[in-house]
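Let me begin by presenting the structure, written as structure tokens, before commenting on it.
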Amino acid sequence: MLAAHSSIYLCMLNNRIYIFSLDESALLGRDTLRLATEQHAQTNKSNVLSTSIINTANKIRNATQVKILEQHVQHAFQHWSLKFKQNNKFLSSSDSPNITVTNHLNDRQQPVVLRKPRQRIRTEKNWRLFYQKFAMDHARPTLIWNNKTRDELRETIENEIRNFNIDKDLGHGHLISWNHNEFEVLYQCLNDEIKIGSVYLRLLLEQGELTANNDAAADAYNPYEFFNDLYHRFLLSQPVNIKQASMKSMCLQAMTIVYARHYETIGPFNDTRHLVLMLDRSTDKCERDRLLMFISKLILNHRNVRDIIDCGGVKILIQLMCLAHLHINRAQVPLASNVLESSTTMTRENEKEWYYGKQDKEKVGPYSFSEIKDLHKEGVFDAKTRFWAQGLDGWKTMDRIPQLKWTLLAGGQSLFNDSELAAIILDILISMSELYPSRDQVNGAIIRPFPKIKRLLNDPTCLPHVVQLLLTFDPNLVEKIVILLNKLTQDNPLLAQFYMTGVFYFILMYTGSNILPLGHFLKYTHLAQAFRSDEQQQKSGEKKDIYFRSILGH
Numbered sequence: 336m337l338a339a340h341s342s343i344y345l346c347m348l349n350n351r352i353y354i355f356s357l358d359e360s361a362l363l364g365r366d367t368l369r370l371a372t373e374q375h376a377q378t379n380k381s382n383v384l385s386t387s388i389i390n391t392a393n394k395i396r397n398a399t400q401v402k403i404l405e406q407h408v409q410h411a412f413q414h415w416s417l418k419f420k421q422n423n424k425f426l427s428s429s430d431s432p433n434i435t436v437t438n439h440l441n442d443r444q445q446p447v448v449l450r451k452p453r454q455r456i457r458t459e460k461n462w463r464l465f466y467q468k469f470a471m472d473h474a475r476p477t478l479i480w481n482n483k484t485r486d487e488l489r490e491t492i493e494n495e496i497r498n499f500n501i502d503k504d505l506g507h508g509h510l511i512s513w514n515h516n517e518f519e520v521l522y523q524c525l526n527d528e529i530k531i532g533s534v535y536l537r538l539l540l541e542q543g544e545l546t547a548n549n550d551a552a553a554d555a556y557n558p559y560e561f562f563n564d565l566y567h568r569f570l571l572s573q574p575v576n577i578k579q580a581s582m583k584s585m586c587l588q589a590m591t592i593v594y595a596r597h598y599e600t601i602g603p604f605n606d607t608r609h610l611v612l613m614l615d616r617s618t619d620k621c622e623r624d625r626l627l628m629f630i631s632k633l634i635l636n637h638r639n640v641r642d643i644i645d646c647g648g649v650k651i652l653i654q655l656m657c658l659a660h661l662h663i664n665r666a667q668v669p670l671a672s673n674v675l676e677s678s679t680t681m682t683r684e685n686e687k688e689w690y691y692g693k694q695d696k697e698k699v700g701p702y703s704f705s706e707i708k709d710l711h712k713e714g715v716f717d718a719k720t721r722f723w724a725q726g727l728d729g730w731k732t733m734d735r736i737p738q739l740k741w742t743l744l745a746g747g748q749s750l751f752n753d754s755e756l757a758a759i760i761l762d763i764l765i766s767m768s769e770l771y772p773s774r775d776q777v778n779g780a781i782i783r784p785f786p787k788i789k790r791l792l793n794d795p796t797c798l799p800h801v802v803q804l805l806l807t808f809d810p811n812l813v814e815k816i817v818i819l820l821n822k823l824t825q826d827n828p829l830l831a832q833f834y835m836t837g838v839f840y841f842i843l844m845y846t847g848s849n850i851l852p853l854g855h856f857l858k859y860t861h862l863a864q865a866f867r868s869d870e871q872q873q874k875s876g877e878k879k880d881i882y883f884r885s886i887l888g889h
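Numbering (our numbering), first residue to last: 336 to 889.
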């Protein structure tokens with residue numbers, strides 16, 4: 336038995352065909368009748384399938400032949416009249432030779448009109464989808480459709496049909512055609528909606544963008560034309576009342592949304608200089624904030640940035656940014672300290688530093704800021720009264736001093752607090768600085784002359800104001816200021832004089848946790864400051880350790 340199994344295993348290893356000798360009793364019962372019936376049914380099935388394939392092929396061949404025959408017959412019917420006319424002309428010319436040559440030329444020049452082949456008309460529009468959407472409500476920037484508009488459409492069509500039937504009855508049998516060119520539906524329910532071009536402003540401002548994602552009818556508006564219409568309406572809306580002022584604000588908000596989405600299609604904004612001057616002269620807080628938001632989108636175009644720089648926009652933005660010092664309601668971080676502090680009665684507003692001049696050029700003062708507020712309420716001076724304080728570059732009227740203008744003269748409801756306003760301006764300045772890098776992007780060479788935007792920020796009338804915003808200790812503002820300073824200090828020829836602004840002392844006073852950009856700034860600048868004179872360096876001799884060379888060890 337073992338020998339028999341071993342021979343079977345050897346056969347399985349050497350061959351792929353295995354033969355086993357079994358007893359006849361081990362064979363299963365074979366149903367020959369069932370097998371024959373199944374084979375016969377399978378043969379009939381294959382015959383039926385082949386017959387159907389042959390019939391289908393014959394039908395296709397016959398249909399093709401019929402189509403070819405129809406084409407030949409159609410071609411013959413199209414041209415038989417032309418051949419018949421040519422034969423008649425030939426016979427008539429042989430019978431009457433007096434026919435002039437010009438008649439033959441005129442006949443030849445007549446166009447041959449062939450009968451158009453019959454075509455099956457197909458609908459090019461998806462009417463099923465149209466009727467399905469027609470029954471639904473829509474609220475998009477380019478479409479408002481609801482039960483009210485459907486009712487007005489139905490009533491208008493019913494009245495039009497009624498009037499047309501009356502005119503047809505009075506026509507005395509004449510053929511009457513409907514004047515469809517002048518048919519229109521004036522939806523009275525949409526009269527309160529402000530519509531500029533083909534866009535409803537309310538829905539545009541609510542949805543926040545005008546894209547194909549929220550409006551399937553993307554071809555219903557032209558971004559360039561719509562933007563120009565918005566700007567035209569903005570210029571025409573004079574803030575004589577609350578409604579007109581809100582219209583200007585809505586137009587600015589819509590212009591911001593459209594330009595942010597389609598700035599490549601719209602291109603540069605030619606009135607960027609005018610917008611910056613409007614921001615400088617504005618006395619409405621809401622308009623100021625909307626103008627700033629619009630300018631934050633205008634810098635997406637390189638030419639707009641150049642216009643802002645050339646018209647003095649950087650200095651105007653920094654003046655507005657300094658209003659963050661007036662925001663006293665920000666959250667304060669409670670810290671345990673043994674530092675001597677001033678009393679609660681010693682406020683910044685009680686410092687007497689303001690002078691104002693009368694018409695006879697008499698200098699009156701000094702007054703504290705709180706006293707200036709009281710005098711303004713009493714009507715002692717107006718917007719054209721001239722003021723001076725230490726730090727100003729001369730006497731200025733009240734409406735030209737941002738602190739006095741936005742606290743005493745300005746009206747309206749602001750959209751942002753002073754800290755949020757400063758954060759928006761810092762984002763604008765950071766983006767403008769990124770457009771003008773200090774090194775060549777191709778070979779890494781240092782760019783000279785220094786970019787103009789950075790020269791303006793490096794000016795003594797601007798840089799100290801930027802640095803002093805660190806004293807707000809607002810984490811968001813501090814981080815953005817240091818990011819701006821990092822871009823400003825890269826390859827700056829005046830980097831050695833940065834310590835004169837007090838930036839290192841202000842940074843070391845900061846106790847927040849977002850210190851990564853501060854670390855980058857200190858690493859790049861603390862050894863590059865020229866805070867020691869040549870005599871001190873000569874006296875130091877061999878003392879050249881990092882403690883001696885760093886401004887942080889001074």
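The C-beta atom is built at its ideal place from N, Cα and C for all residues, glycine as well.
I need the boundaries of the alpha helix (DSSP H) containing K789, first residue and last residue. For K789, the uninterrupted alpha helix (DSSP H) segment begins and ends at K787 to L792.
Just reading off the beta strand (DSSP E) that V699 is part of, what are its end residues? K698 to Y702 is the extent of the beta strand (DSSP E) around V699.
Could you tell me which residues DSSP puts in a beta bridge with H473? DSSP lists W480 as the beta-bridge partner residues of H473.
Check whether the Cβ atoms of Q825 and A865 sit closer than 8 Å, and answer yes or no. Contact flag unset, no.
Supposed contact pair G543 and I592 - C-beta distance, whole angstroms, cut 8 Å: So it is a contact: roughly 6 Å between Cβ atoms.
Measuring alpha carbon to alpha carbon, tell me which residue in H507, L488, D728 and I511 is nearest F499. Out of H507, L488, D728 and I511, I511 has the C-alpha closest to the C-alpha of F499.
Reducing DSSP to helix, strand and coil, say where K731 ends up. Assigned with DSSP and collapsed to three states, K731 falls in strand.
So, D734 versus L658, is the Cβ gap smaller than 8 Å? No, the pair does not count as a contact, with Cβ atoms beyond the cut-off.
Does A718 come out as helix, strand or coil in the three-state DSSP assignment? Note: A718 maps to coil in three-state DSSP.
Would you decide whether D486 is buried or exposed? Buried here means 16 or more other CB atoms lie within 10 Å of its CB. Exposed, since its Cβ has fewer than 16 Cβ neighbours within 10 Å.
Beta-carbon gap between L894 and S768 smaller than 8 Å: No answer is possible for residue 894: it lies beyond the span of the chain, which begins at 336 and ends at 889.
Cut-off 8 Å between Cβ atoms - residues of its own chain near H340, not counting five sequence neighbours on either side: Because H340 carries a pLDDT of 36, less than 50, the predicted location of this residue cannot be relied on, and the following value inherits that uncertainty. Leaving aside the five residues that flank H340 on each side, none in its chain has a CB nearer than 8 Å to its CB.
Just how far apart, CA to CA, sit P476 and A589? Near 11 Å, if we compare the C-alpha coordinates of A589 and P476.
Please state whether the Cβ-Cβ distance between P558 and T491 is less than 8 Å. Between P558 and T491, the CB-CB gap reaches or exceeds 8 Å.
DSSP puts K530 in a beta bridge; with which residues? Residue pairing for K530: DSSP places it in a beta bridge opposite Y535.
Work out the CA separation of R453 and N548 for me, nearest whole Å. Here the model assigns N548 a pLDDT of 47, short of 50, so the residue's position is not dependable, and the following value carries that caveat. Approximately 42 Å, taken between the alpha carbons.
Any idea which residues DSSP pairs R485 with across the strands? Paired residue(s): none; R485 is not in a bridge.
Nearest to N605 by alpha carbon, out of R867, K578 and R638? The shortest Cα separation from N605 among R867, K578 and R638 belongs to R638.
Can you list, in chain order, the residues of its chain whose CB lies under 7 Å from that of L587, leaving out five sequence neighbours each side? Result list for L587: F569, R625, L626 and F629, in chain order.
Round the Cβ separation of R808 and Y845 to the nearest angstrom and send it over; I've been treating them as touching at under 8 Å. In the sequence under discussion, the amino acid at residue 808 is Phe, which differs from the Arg named in the question. The pair is a contact, with the Cβ atoms about 6 Å apart (cut-off 8 Å).
So the alpha helix (DSSP H) Y691 belongs to, where does it begin and stop? In the DSSP assignment, Y691 falls outside any alpha helix (DSSP H) and within the unbroken beta strand (DSSP E) covering W689 to G692.
How big is the Cα-Cα spacing for K719 and G692? Roughly 10 Å between the two C-alpha positions.
By how many angstroms is the C-alpha of H597 removed from the C-alpha of L770? Computed Cα separation, rounded: 19 Å.
Could you give the C-beta distance for L791 and V649, rounded to a whole number, given that I count them as a contact under 8 Å? Taking 8 Å as the upper bound for CB-CB distance, L791 and V649 are in contact here, some 5 Å apart.
With distances taken from CA atoms, which of L756, M613, I651 and Q748 is nearest L661? Among L756, M613, I651 and Q748, the Cα nearest to that of L661 belongs to L756.
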